[in-house]
Amino acid sequence: MTAPHTFRIAAIPADGVGKEVVAAGRAVLDALAADSAGSPRPFAFSWEEFPWGCEYYERTGRMMDDDGLDRLREFDAIYFGAVGWPTVPDHVSLWGLRLRICQGFDQWANVRPVHFLPGVTSPLRKADDTDLDWVVVRENSEGEYAGLGGRNLAGRGPGGEVAVQTALFTEVGCERIMRFAFDLARTRARRKVSSVTKSNAQQYGMVLWDDVFRRVAADYPDVETESVLVDAMSAKFVLRPEELSVVVASNLHADILSDLGSALAGSLGLAASANLNPERRHPSMFEPVHGSAPDIAGRGLANPVGAVGSAALMLDHLGLPDQAARLRRAIETTTAAGVRTRDVGGTASTEDVTKALVEALNA
Ligand code: GGG
Numbered sequence: 056m057t058a059p060h061t062f063r064i065a066a067i068p069a070d071g072v073g074k075e076v077v078a079a080g081r082a083v084l085d086a087l088a089a090d091s092a093g094s095p096r097p098f099a100f101s102w103e104e105f106p107w108g109c110e111y112y113e114r115t116g117r118m119m120d121d122d123g124l125d126r127l128r129e130f131d132a133i134y135f136g137a138v139g140w141p142t143v144p145d146h147v148s149l150w151g152l153r154l155r156i157c158q159g160f161d162q163w164a165n166v167r168p169v170h171f172l173p174g175v176t177s178p179l180r181k182a183d184d185t186d187l188d189w190v191v192v193r194e195n196s197e198g199e200y201a202g203l204g205g206r207n208l209a210g211r212g213p214g215g216e217v218a219v220q221t222a223l224f225t226e227v228g229c230e231r232i233m234r235f236a237f238d239l240a241r242t243r244a245r246r247k248v249s250s251v252t253k254s255n256a257q258q259y260g261m262v263l264w265d266d267v268f269r270r271v272a273a274d275y276p277d278v279e280t281e282s283v284l285v286d287a288m289s290a291k292f293v294l295r296p297e298e299l300s301v302v303v304a305s306n307l308h309a310d311i312l313s314d315l316g317s318a319l320a321g322s323l324g325l326a327a328s329a330n331l332n333p334e335r336r337h338p339s340m341f342e343p344v345h346g347s348a349p350d351i352a353g354r355g356l357a358n359p360v361g362a363v364g365s366a367a368l369m370l371d372h373l374g375l376p377d378q379a380a381r382l383r384r385a386i387e388t389t390t391a392a393g394v395r396t397r398d399v400g401g402t403a404s405t406e407d408v409t410k411a412l413v414e415a416l417n418a
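In our numbering, the protein residues as written are 56 to 418.
Given below as structure tokens:
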């Protein structure tokens with residue numbers, strides 16, 4: 056019998072529903088691995104769970120350990136839950152954990168598929184329109200998330216505070232995310248990239264983005280292109296989504312558009328994402344798009360589909376595309392069978408959906 060290949064995965068459930076959905080994702084991945092025993096290509100997962108997050112911050116004053124990145128560096132991938140809790144300011148928790156990992160490991164491409172699932176009611180789905188499917192590619196290393204700026208720079212005293220938040224766009228940063236988007240478009244049925252900016256109002260960084268987009272597009276004559284302002288793109292998501300295939304946008308614009316996309320697909324709880332370091336010099340990180348949802352945390356109401364979809368993206372990254380496809384089929388079987396959490400019109404708990412997903416692996 057062939058010995059299984061063991062993938063070392065760092066799990067960081069972090070906060071709120073992150074804990075429930077990471078547990079669900081791990082259960083489904085372990086079931087998949089157990090099932091591979093005796094197959095020509097057996098595999099296993101060796102998990103190490105890190106307790107970082109807002110509770111850790113309250114105990115230690117840090118969202119993650121100072122040597123955290125060095126410890127994570129040893130892993131094949133990172134499986135993340137969600138960050139944020141009302142006891143810690145959101146910018147402290149986000150920068151202290153999620154953004155520290157994304158930027159520390161130069162995970163510059165954030166891939167966020169917008170996928171419509173059977174059995175899930177979407178405000179967009181019409182009887183003749185069941186195959187909507189597009190991907191938001193988020194520039195994940197700079198732009199509005201460069202962390203540049205400061206408060207009270209002019210020192211104008213009480214009531215006169217000023218703050219500056221600078222967006223940073225580099226030619227290298229724009230070019231690499233655009234080439235990534237074009238390469239992705241070439242793998243899809245519709246070869247099209249839509250670039251999003253607000254370059255009519257923001258005349259420096261976003262105009263650089265447009266210039267680089269035109270230059271990169273010239274290298275991909277087989278791929279259709281369009282440049283759309285972010286306000287018009289928001290309307291297009293709702294009114295003409297069938298025109299979309301790959302949508303590439305800055306850190307902030309893509310974050311907002313991908314939330315809109317997943318809400319249109321039925322729920323934020325369904326959306327998966329991959330934070331990739333495409334050069335593979337550092338580990339990549341896989342996480343549901345949703346946040347920690349303090350209002351429903353700990354009540355068994357969280358939708359695990361976004362986290363399980365993110366596990367499928369992780370399997371693709373680990374070189375197991377057949378297993379990833381199997382996981383995606385299990386998700387479709389489960390939603391189609393009506394085993395759905397409350398956010399998508401069902402009554403099932405997180406645990407019910409997790410069990411159904413494991414059963415559906417062999418359906
Ligand atoms: N799993 C995604 C997550 O935890 N998101 C928390 C959040 O507030 N994200 C904002 C952002 O990354 O832009």
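Cβ coordinates follow ideal geometry from the N, Cα and C atoms, glycine included.
Indicate, with yes or no, if ligand 3 has a heavy atom lying under 7 Å from the CB of His308. As far as ligands go, the structure on display features ligand 1 and does not contain ligand 3.
Closer than 7 Å by C-beta to Thr409: which residues in its own chain qualify, once you throw out the five before and the five after it? Chain order, please. Ala79, Ala82, Val83 and Pro359
For Phe62, name the three-state secondary structure that DSSP assigns. strand
Under a three-way DSSP split, which group does Met119 fall into? coil
What does the alpha-carbon distance come out to for the pair Met56 and Pro95? 9 Å
Count the other CB atoms, across all protein chains shown, that sit within 10 Å of the CB of Gln162; report buried if there are 16 or more and exposed otherwise. buried
Using only the alpha-carbon positions, how far apart do Ile51 and Pro213 sit? Residue 51 is absent from the model: the chain starts at 56 and stops at 418.
Among the residues of its own chain, which have a CB less than 6 Å from the CB of Gly159, if the five just before and after it don't count? Leu124
Proximity below 8 Å, CB of Phe235 to CB of Pro376: no
Touching or not, the stretch 320–334 and the stretch 290–304, by the rule of three or more beta carbon pairs under 8 Å? no
Beta-carbon contacts of Met261 that lie in its chain and below 8 Å, excluding the five residues immediately before and after: Phe224, Thr252, Lys253, Ser254 and Ser305
Let me check you understand the geometry: is the CB of Pro334 closer than 7 Å to at least one non-hydrogen atom of ligand 1? Before going on, a small fix: residue 334 reads as Glu here, not Pro. No, ligand 1 has no heavy atom inside 7 Å of this Cβ.
Between which residues of its own chain and Ala329 is the CB-CB distance below 6 Å, once the five residues before and five after are set aside? Val166, Phe341 and Leu368
Residues in the same chain with beta-carbon distance under 6 Å from Pro59, minus the five sequence neighbours each way, listed in chain order, please. Pro97, Phe98 and Ala99
Under DSSP, the alpha helix (DSSP H) around Gly233 begins and ends at which residues? Note on residue identity: the sequence assigns Met, not Gly, to residue 233. From DSSP, the alpha helix (DSSP H) with Met233 extends over Glu226 to Ala240.
Selection from Ala411, Val283, Thr390 and Asp407 that minimises the alpha carbon distance to Thr176: Thr390
May I ask you to report which of helix, strand or coil DSSP gives Gly76? Residue identity check: residue 76 is Val in the sequence provided, not Gly. Note: Val76 maps to helix in three-state DSSP.
Taking Val169 as the reference, which of Ala290, Asp314 and Pro68 has the closest Cα? Asp314
If I'm right that Phe135 touches Ala92 with Cβ under 8 Å, what's the distance once you round it to whole angstroms? No, Phe135 and Ala92 are not in contact; Cβ-Cβ is about 27 Å, not under 8 Å.
Judging by CA-CA distance, which residue of Glu104, Glu387 and Val399 is the nearest neighbour of Ala418? Glu387
Kindly indicate the opening and closing residues of the beta strand (DSSP E) around Arg136. Looking at the sequence shown, residue 136 is not Arg but Gly. It spans Ala132 to Ala137 - the beta strand (DSSP E) in which Gly136 sits, taken as one unbroken run.
How many angstroms separate the CA atom of Leu284 from the CA atom of Ala164? 21 Å
Do the CB positions of Phe130 and Arg63 come within less than 8 Å of each other? yes
Between Val363 and ligand 1, is the CB less than 7 Å from at least one heavy atom? no
How big is the Cα-Cα spacing for Ser322 and Val76? 15 Å
Which residue's Cα is closest to the Cα of Glu194: Val217, Gly228, Phe171 and Gln220? Gly228
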